[in-house]
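Enquirer:
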Amino acid sequence: MKNIITAIVYGFIVSFGIQNVSAQEPSMRTFNENIKAVQLKKGTMQIFDYGETKVHVYETKGFFNTHAFFIEKKGKGVLIETPPMKDNYKELVDYIVGLGYKDIDVMVSYHLIGKHFFDTDKLKFNHIYSNQESLDYMKNSGNESLSVLKKVSGQDLDETTIVPTDLLKAGAQEISGIPFIITPTGFGFDVEMPDIKAVHLHMVGHDNHTMIFNTEFIDTVIKELTAFQEKGYTTYFSSHSAPETSGDVTLKINYLKEMKGLLSAAKNEEEFIQKMDKAYPNFGWRNYLLGSAKMLFTEN
Numbered sequence: 001m002k003n004i005i006t007a008i009v010y011g012f013i014v015s016f017g018i019q020n021v022s023a024q025e026p027s028m029r030t031f032n033e034n035i036k037a038v039q040l041k042k043g044t045m046q047i048f049d050y051g052e053t054k055v056h057v058y059e060t061k062g063f064f065n066t067h068a069f070f071i072e073k074k075g076k077g078v079l080i081e082t083p084p085m086k087d088n089y090k091e092l093v094d095y096i097v098g099l100g101y102k103d104i105d106v107m108v109s110y111h112l113i114g115k116h117f118f119d120t121d122k123l124k125f126n127h128i129y130s131n132q133e134s135l136d137y138m139k140n141s142g143n144e145s146l147s148v149l150k151k152v153s154g155q156d157l158d159e160t161t162i163v164p165t166d167l168l169k170a171g172a173q174e175i176s177g178i179p180f181i182i183t184p185t186g187f188g189f190d191v192e193m194p195d196i197k198a199v200h201l202h203m204v205g206h207d208n209h210t211m212i213f214n215t216e217f218i219d220t221v222i223k224e225l226t227a228f229q230e231k232g233y234t235t236y237f238s239s240h241s242a243p244e245t246s247g248d249v250t251l252k253i254n255y256l257k258e259m260k261g262l263l264s265a266a267k268n269e270e271e272f273i274q275k276m277d278k279a280y281p282n283f284g285w286r287n288y289l290l291g292s293a294k295m296l297f298t299e300n
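Numbering-wise (the working numbering), the sequence shown opens with residue 1 and increments by one.
In structure tokens:
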């Protein structure tokens, strides 16, 4: 497990510079909801209007170009994830305050870094939720990776560890009057939003390679994504990519299935990489492919 988590963080580090690579498949990003974009001073905000519920998707436009998500319903709000870079803090807080909020809840599902985000007198944070698996990750491999993250990203990275006020258990629950389903994943948790048929995952990336730790993991991811589709989820939010649709998830599932076939046909790591490059020449996050190949053939 330690090697798996280290690989996840390494993939996060090396992928930042290749996120804007053209897709092998056309994007399926056509949403049914009313969506509008707001340009902020640095980042951008996409607003998904589900009627009673709205999701504000903040793209940081920073070194890692991550995303954070503010969900609001009936005058209450929940922020899922926080930016890792300090120069996004004021902009995001000011935006939420500008919506009329004085206090909110926060869920940090995968990235428990950036404690100084909460150092503001403009906005009160009633609860900061995470889970035990995310805490354990930060105490071990996640903590070990922070010095590397700091080195490659510069001093603006807030490497301080967020201290949650509450630890979430698996299952259905309401936070700020909004229904969620929490599913632990081994190093964090996915957040389902059944009312709006949406889910927040660690990453999907229909036009990017996926980090694969062993052959069983391919089936695990396929099973997870298929289960979300069977539940009728139409929108897939992730800190590591723009919002995606069920069609994008189908592209990812097909990618994983083809990967299984190419893996079984390859005699060694180099041949596997060549086959994948030929099948997906324009995919981003190629270091995920290289890392996957190394782990898959070390396993074999």
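All residues carry an ideal CB built from backbone N, CA and C; glycine is no exception.
If contact is defined by three or more beta carbon pairs under 8 Å, each pair taking one atom from either stretch, is the region 54–67 in contact with the region 119–127?
Expert: no
Enquirer: Run through the DSSP bridge pairs and tell me what Gln46 is partnered with.
Expert: Ala37 and Val57
Enquirer: Any idea which residues DSSP pairs Gln132 with across the strands?
Expert: None; Gln132 has no bridge partner.
Enquirer: Less than 8 Å between C-beta atoms, sequence neighbours within five positions excluded: which residues of the same chain meet that for Met138?
Expert: Leu112, Ile113 and Thr161
Enquirer: From Ser176, Asn282 and Ile80, pick the residue whose C-alpha is nearest to that of His206; which is it?
Expert: Answer by Cα proximity: Asn282.
Enquirer: Whole-angstrom Cβ separation of Val91 and Lys42, contact assumed at under 8 Å?
Expert: It should be noted that the sequence gives Glu, not Val, for residue 91. Their Cβ separation, rounded to whole angstroms, is 6 Å, which keeps Glu91 and Lys42 in contact under 8 Å.
Enquirer: With C-beta atoms as the reference, is Glu133 less than 8 Å away from Gly171?
Expert: no
Enquirer: Using DSSP bridges, identify the partner residues of Phe70.
Expert: His56 and Leu79
Enquirer: Grab me the residues of Val163's own chain with a C-beta within less than 8 Å of its C-beta, minus the 5 sequence neighbours each way, in chain order.
Expert: Lys115 and Ile128
Enquirer: Report the rounded CA-to-CA distance for Gly291 versus Asp103, giving the unit in angstroms.
Expert: 42 Å
Enquirer: Identify which residue in Gly247, Lys252, Thr298 and Pro243 has its Cα closest to the Cα of Asn268.
Expert: Thr298
Enquirer: Could you please give me the residues that DSSP links to Gly284 through a beta bridge?
Expert: Asn208
Enquirer: State the Cα-Cα distance for the pair Thr82 and Leu263, rounded to the nearest angstrom.
Expert: 36 Å
Enquirer: Just tell me which of Val93, Asn65, Gly100 and Asn131 has its CA closest to the CA of Lys74.
Expert: Per the Cα distances, Gly100.
Enquirer: Alpha carbon to alpha carbon, what distance is there between Asn131 and Asn140?
Expert: Whole-angstrom Cα-Cα distance: 15 Å.
Enquirer: Taking all protein chains shown into account, decide if Leu68 is buried (16 or more other Cβ within 10 angstroms of its Cβ) or exposed.
Expert: A small fix is needed here, since residue 68 is Ala in this sequence, not Leu. Buried, by the Cβ-count rule.
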